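Chemist: Okay, here's the structure, questions in a sec.
Number of protein chains: 2
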Amino acid sequence: MSSITIVEVGPRDGFQPIGPFIPTARKLAIIRGCAEAGIRRVEAGAFVGAAAVPQMADAGDILAGLADLPELDAQMLVPNPRHVRRALQAGARHLCYVISVSEAHNRSNVRRSVAESVAEFAELVPELQGVALRMNIATAFDCPFDGPVDDAATLDLVGRLAALRPDAEFCLCDTTGRADPVHVARLHTACAEAFPAVRHWAFHGHDTYGLGLANVHGAFQAGVRVFDAAIAGLGGCPFAPGATGNVATEDVAWMFHRMGIETGIDLGALLPVAVEAAGLPGGTPGGRVREALGRR
Amino acid sequence: MSSITIVEVGPRDGFQPIGPFIPTARKLAIIRGCAEAGIRRVEAGAFVGAAAVPQMADAGDILAGLADLPELDAQMLVPNPRHVRRALQAGARHLCYVISVSEAHNRSNVRRSVAESVAEFAELVPELQGVALRMNIATAFDCPFDGPVDDAATLDLVGRLAALRPDAEFCLCDTTGRADPVHVARLHTACAEAFPAVRHWAFHGHDTYGLGLANVHGAFQAGVRVFDAAIAGLGGCPFAPGATGNVATEDVAWMFHRMGIETGIDLGALLPVAVEAAGLPGGTPGGRVREALGRR
Numbered sequence: 001m002s003s004i005t006i007v008e009v010g011p012r013d014g015f016q017p018i019g020p021f022i023p024t025a026r027k028l029a030i031i032r033g034c035a036e037a038g039i040r041r042v043e044a045g046a047f048v049g050a051a052a053v054p055q056m057a058d059a060g061d062i063l064a065g066l067a068d069l070p071e072l073d074a075q076m077l078v079p080n081p082r083h084v085r086r087a088l089q090a091g092a093r094h095l096c097y098v099i100s101v102s103e104a105h106n107r108s109n110v111r112r113s114v115a116e117s118v119a120e121f122a123e124l125v126p127e128l129q130g131v132a133l134r135m136n137i138a139t140a141f142d143c144p145f146d147g148p149v150d151d152a153a154t155l156d157l158v159g160r161l162a163a164l165r166p167d168a169e170f171c172l173c174d175t176t177g178r179a180d181p182v183h184v185a186r187l188h189t190a191c192a193e194a195f196p197a198v199r200h201w202a203f204h205g206h207d208t209y210g211l212g213l214a215n216v217h218g219a220f221q222a223g224v225r226v227f228d229a230a231i232a233g234l235g236g237c238p239f240a241p242g243a244t245g246n247v248a249t250e251d252v253a254w255m256f257h258r259m260g261i262e263t264g265i266d267l268g269a270l271l272p273v274a275v276e277a278a279g280l281p282g283g284t285p286g287g288r289v290r291e292a293l294g295r296r
Numbered sequence: 001m002s003s004i005t006i007v008e009v010g011p012r013d014g015f016q017p018i019g020p021f022i023p024t025a026r027k028l029a030i031i032r033g034c035a036e037a038g039i040r041r042v043e044a045g046a047f048v049g050a051a052a053v054p055q056m057a058d059a060g061d062i063l064a065g066l067a068d069l070p071e072l073d074a075q076m077l078v079p080n081p082r083h084v085r086r087a088l089q090a091g092a093r094h095l096c097y098v099i100s101v102s103e104a105h106n107r108s109n110v111r112r113s114v115a116e117s118v119a120e121f122a123e124l125v126p127e128l129q130g131v132a133l134r135m136n137i138a139t140a141f142d143c144p145f146d147g148p149v150d151d152a153a154t155l156d157l158v159g160r161l162a163a164l165r166p167d168a169e170f171c172l173c174d175t176t177g178r179a180d181p182v183h184v185a186r187l188h189t190a191c192a193e194a195f196p197a198v199r200h201w202a203f204h205g206h207d208t209y210g211l212g213l214a215n216v217h218g219a220f221q222a223g224v225r226v227f228d229a230a231i232a233g234l235g236g237c238p239f240a241p242g243a244t245g246n247v248a249t250e251d252v253a254w255m256f257h258r259m260g261i262e263t264g265i266d267l268g269a270l271l272p273v274a275v276e277a278a279g280l281p282g283g284t285p286g287g288r289v290r291e292a293l294g295r296r
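Line by line, the protein sequences give chains A and B.
Residues in the first sequence are numbered from 1 upward in steps of one, following UniProt numbering.
Residues in the second sequence are numbered from 1 upward in steps of one, following UniProt numbering.
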């Protein structure tokens, strides 16, 4: 039986837009619940400006709070060299560095042009020896400001970064949820063909338009075996009614289990954790499986 | 540009489980709204026992109320010969006959064994000359009572019915929403290969576990070009919290438009109809696109 890996990004992408601060202990309890249900990799938080994203201010405590779970691979999101250094100092050994394909989104996200971000990352590379690296290619398909993104632009950015760290895992992110399964499969196929030296690919999808699982399946058909997902489908913005978040971990796991693909996750054990996460004050949960299985 | 056809089944599968009776005029207004947004085919209602499904009691009035829309192909669901005759008498010219693959579901649905349903249909065939026919193969993938359904059982039923009316459109129905895209593609491919005389295939999906669009895409990859969908994702059961319905018409249209596939639907015109349908008292709407586009 073949298998895939789900990276639980709820503690970062899911919690990040939630207004009321989630106590660190409650975050840790959810992460530990995920680990107990079989999740082996988590994006546990982000080292970012605490003023910009107050919900992530406890990243160091989260990392320390997971130190006794050596089997859990905890990656931390970092947007620039300053925060990389903070993360390494706090003991992070797996970083998720993010650069956007679109100028508008990169500027909004990290206040740099794409070229500046790439140059800055190039200077940083010597400091990253021995650190496991995920590269999040944001707006790989579509940009909230500029609309559709050309495949060529995404290939160009991936190529420049792959030349610097070909051993990194490259994750194509459907930031807006407006990609479709044909687009997702096409771009992943093109990337894998263009950069055979890159051995690790991942897909990060949002379910804003209901295409989350269709896109995950599209990426799977193109050979991707690592998928980001957030417990309870968290990730929506509390200030935008109807906004919805990442594909739900429990839905992604359900789909692959139905397809006969191993995820290592015990859905029965994950469901109460998803119900707990769905009840976080200020969160906007998504996904179907939690309720569908809950009422059986 | 290639194209697909969406059959709007909200007025039947979507309205059917809604408790409070929807006034006939309101049903007709929603169907007309769909037609004005470009939908060319609708399952407008069902001729069934009024005691069993009171919401469908006005099927004759619905049919009469659409008589001035000759460009709208209105199919009516019928479960047995008695109701077929009622539908034909009321002027129906496109029937959707339903038989389940699983014994338990067929017995629950039409109180007959599968063999009895097939024999009864065989006797009925001479009366159906000149009537356009859709055959709904219910529980083609999974049964709410018996669980997973063998591909061989579905192929067997389709084969027996195709021998009687090979010109019919055969629709594989994921009654429980527990199919996955691999299963959907595999079974459609197997059917098309086994019964080359059948020229018309369709897929009917539910989004109960969030796989609705992934499954629609799976069927599309297997060559299917006709898809059932319900406006606002209606179809859940008001007595089962969390139950969810058919794939939402607006989500299916959105996905195909993103894929560059023509549906003939003007999403901007369809959205207010979807919002109206989502607000029906007693309904349990689903889908993402309605809210995602509504807040832009």
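Even glycine gets a Cβ: it sits at the ideal position worked out from N, Cα and C.
Small disclaimer: the values here were computed from a predicted structure and weren't measured.
1. Counting only runs that start and end within the stretch 74-157 of chain B, where is the beta strand (DSSP E) found for 3 or more residues in a row?
2. Does chain B have any CB closer than 8 Å to the CB of residue 213 of chain A?
3. Helix, strand or coil: how does DSSP classify residue 202 of chain B here?
4. Would you give the residue range spanned by the beta strand (DSSP E) that residue 8 of chain B belongs to?
5. Could you give the DSSP three-state label for residue 210 of chain A: helix, strand or coil?
6. In this structure, how does DSSP classify residue 47 of chain B when only helix, strand and coil are distinguished?
7. Considering only C-alpha positions, which residue in the set A:236, A:184, A:234, A:31 is nearest to residue 223 of chain A?
8. With a cut-off of 8 Å on the beta carbons, I'd call residue 95 of chain B and residue 118 of chain B a contact; round off their distance for me.
9. Specify whether the stretch 180-194 of chain B and the stretch 247-262 of chain B touch according to this definition: at least 3 beta carbon pairs, one from each stretch, less than 8 Å apart.
10. Identify, in the order they occur along the chain, each residue of the same chain with its Cβ nearer than 6 Å to the Cβ of residue 191 of chain B, setting aside the five sequence neighbours on each side.
11. With 8 Å as the threshold, decide whether the Cβ of residue 277 of chain A is near any Cβ in chain B.
12. Per DSSP, what are the beta-bridge partners of residue 228 of chain B in this structure?
13. What does the Cβ neighbour count give for residue 250 of chain B, buried or exposed, with the cut at 16 atoms within 10 Å?
14. Please state if the CB of residue 212 of chain B and the CB of residue 17 of chain B are separated by a distance shorter than 8 Å.
15. So which residues of chain B does residue 181 of chain A contact, with C-beta pairs closer than 7 Å?
16. Counting only the same chain and skipping the five closest in sequence on each side, list residues whose C-beta sits under 6 Å from that of residue 176 of chain B.
17. Using DSSP's beta-bridge definition, name the partner residues of residue 41 of chain A.
18. I need the DSSP call for residue 172 of chain B, collapsed to helix, strand or coil.
19. How many Å lie between residue 92 of chain A and residue 125 of chain A at the Cα?
20. Could you please give the first and the last residue of the uninterrupted alpha helix (DSSP H) stretch that includes residue 290 of chain B?
21. Could you name the residues of the same chain whose beta carbon sits closer than 7 Å to that of residue 280 of chain B, not counting the 5 residues immediately before and after it, in chain order?
22. Distance, Cα to Cα, residue 52 of chain B vs residue 112 of chain B?
23. Is residue 248 of chain A helix, strand or coil when you go by DSSP?
24. I'd like the span of the alpha helix (DSSP H) that includes residue 31 of chain B, first residue to last.
25. Cβ of residue 149 of chain B within 8 Å of Cβ of residue 205 of chain B?
26. Mind listing the chain B neighbours of residue 288 of chain A? Cutoff is C-beta to C-beta under 7 Å, in chain order.
27. Report the residues of the stretch 217-236 of chain B with a CB closer than 8 Å to any CB of chain A, ordered along the chain.
28. Looking only at its chain, what residues have a beta carbon closer than 8 Å to the beta carbon of residue 61 of chain B, apart from the 5 residues adjacent to it on each side?
29. So residue 278 of chain B packs on residue 232 of chain B, CB below 8 Å; how close in whole Å?
30. Report the neighbours of residue 76 of chain A on chain B: residues whose CB is nearer than 7 Å to its CB, in chain order.
31. Is there a Cβ of chain B sitting closer than 8 Å to that of residue 146 of chain A, yes or no?
32. Considering only C-alpha positions, which residue in the set B:286, B:172, B:40, B:12 is nearest to residue 156 of chain B?
33. May I ask which residues mark the beginning and end of the alpha helix (DSSP H) holding residue 267 of chain B?
Modeler: Concretely, from the data shown:
1. 94-100, 132-138
2. Counting from one through the first sequence, the residue named residue 213 of chain A turns up at place 213. Chain B contact via Cβ: present.
3. Within the second sequence, the letter at position 202 stands for residue 202 of chain B. Of the three classes helix, strand and coil, the one that applies to residue 202 of chain B here is strand, per DSSP.
4. Start at 1 with the first residue of the second sequence, and residue 8 of chain B comes out as number 8. Note, residue 8 of chain B: beta strand (DSSP E), 5-8.
5. The residue labelled residue 210 of chain A in the question sits at position 210 within the first sequence. Reduced to three states, the DSSP call for residue 210 of chain A is coil.
6. Walking along the second sequence from the start, residue 47 of chain B turns up at place 47. DSSP places residue 47 of chain B in coil when its eight states are reduced to three.
7. One-based indexing of the first sequence puts residue 223 of chain A at position 223. It is A:184.
8. Mapped onto the second sequence, residue 95 of chain B falls at position 95. Mapped onto the second sequence, residue 118 of chain B falls at position 118. Actually they are not in contact, since the Cβ atoms of residue 95 of chain B and residue 118 of chain B sit about 16 Å apart, beyond 8 Å.
9. no
10. Walking along the second sequence from the start, residue 191 of chain B turns up at place 191. Answer for residue 191 of chain B: 158, listed in chain order.
11. The residue labelled residue 277 of chain A in the question sits at position 277 within the first sequence. Not closer than 8 Å to any Cβ of chain B, the Cβ of residue 277 of chain A fails to qualify, so no.
12. As a working mapping, residue 228 of chain B is identified with position 228 in the second sequence. In the DSSP output, where bridge partners are listed per residue, residue 228 of chain B has B:7, B:204.
13. Here residue 250 of chain B refers to the residue found at position 250 of the second sequence. So residue 250 of chain B counts as buried.
14. In the second sequence, residue 17 of chain B corresponds to position 17, counting from 1. In the second sequence, residue 212 of chain B corresponds to position 212, counting from 1. Taking 8 Å as the Cβ cut-off, residue 17 of chain B and residue 212 of chain B do not qualify as a contacting pair.
15. Sequence index remark: in the first sequence, residue 181 of chain A carries index 181 (1-based). What residue 181 of chain A touches in chain B: 217.
16. Position 176 of the second sequence, counting from 1, holds the residue named residue 176 of chain B. For residue 176 of chain B, where only same-chain residues beyond five positions count, the Cβ hits under 6 Å are 142, 144.
17. Position 41 of the first sequence, counting from 1, holds the residue named residue 41 of chain A. Looking at the DSSP assignment, residue 41 of chain A forms a beta bridge with A:73.
18. Translated into positions along the second sequence, residue 172 of chain B becomes position 172. Residue 172 of chain B falls in the strand class under three-state DSSP.
19. On the first sequence, position 92 is the one that residue 92 of chain A refers to. On the first sequence, position 125 is the one that residue 125 of chain A refers to. Each residue's alpha carbon lies about 16 Å from the other.
20. By 1-based counting over the second sequence, the position of residue 290 of chain B is 290. Note, residue 290 of chain B: alpha helix (DSSP H), 289-294.
21. On the second sequence, residue 280 of chain B is found 280 positions in, with the first residue counted as 1. For residue 280 of chain B, where only same-chain residues beyond five positions count, the Cβ hits under 7 Å are 18, 22.
22. Here residue 52 of chain B refers to the residue found at position 52 of the second sequence. Here residue 112 of chain B refers to the residue found at position 112 of the second sequence. Taking the straight line joining both Cα atoms gives about 16 Å.
23. Reading the first sequence from its first residue, position 248 is the one you call residue 248 of chain A. If DSSP states are grouped into helix, strand and coil, residue 248 of chain A belongs with the strands.
24. For the purposes of this step, residue 31 of chain B is identified with residue 31 of the second sequence, where counting begins at 1. 24-36 is the extent of the alpha helix (DSSP H) around residue 31 of chain B.
25. Taking the first residue of the second sequence as 1, we reach residue 149 of chain B at position 149. Taking the first residue of the second sequence as 1, we reach residue 205 of chain B at position 205. In this structure, residue 205 of chain B does not lie closer than 8 Å to residue 149 of chain B by Cβ.
26. As a first step, residue 288 of chain A is located in the first sequence; it is residue number 288 there, counting from the start. Residues of chain B passing the Cβ test: 207, 208, 209, 210, 244.
27. 217, 218
28. The count along the second sequence starts at 1 and reaches residue 61 of chain B at position 61. For residue 61 of chain B, where only same-chain residues beyond five positions count, the Cβ hits under 8 Å are 24.
29. Here residue 278 of chain B corresponds to residue number 278 of the second sequence, with the count starting at 1. Here residue 232 of chain B corresponds to residue number 232 of the second sequence, with the count starting at 1. Contact holds; Cβ gap of about 4 Å.
30. The residue labelled residue 76 of chain A in the question sits at position 76 within the first sequence. The premise fails here: residue 76 of chain A is roughly 29 Å from chain B at the closest Cβ pair, so nothing lies under 7 Å.
31. Walking along the first sequence from the start, residue 146 of chain A turns up at place 146. No, residue 146 of chain A does not count as interfacial toward chain B.
32. Counted from its first residue, the second sequence places residue 156 of chain B at position 156. When each option's Cα is compared against that of residue 156 of chain B, the closest is B:172.
33. Residue mapping note: residue 267 of chain B aligns to position 267 of the second sequence, counting from 1. Residue 267 of chain B -> alpha helix (DSSP H) spans 267-278.
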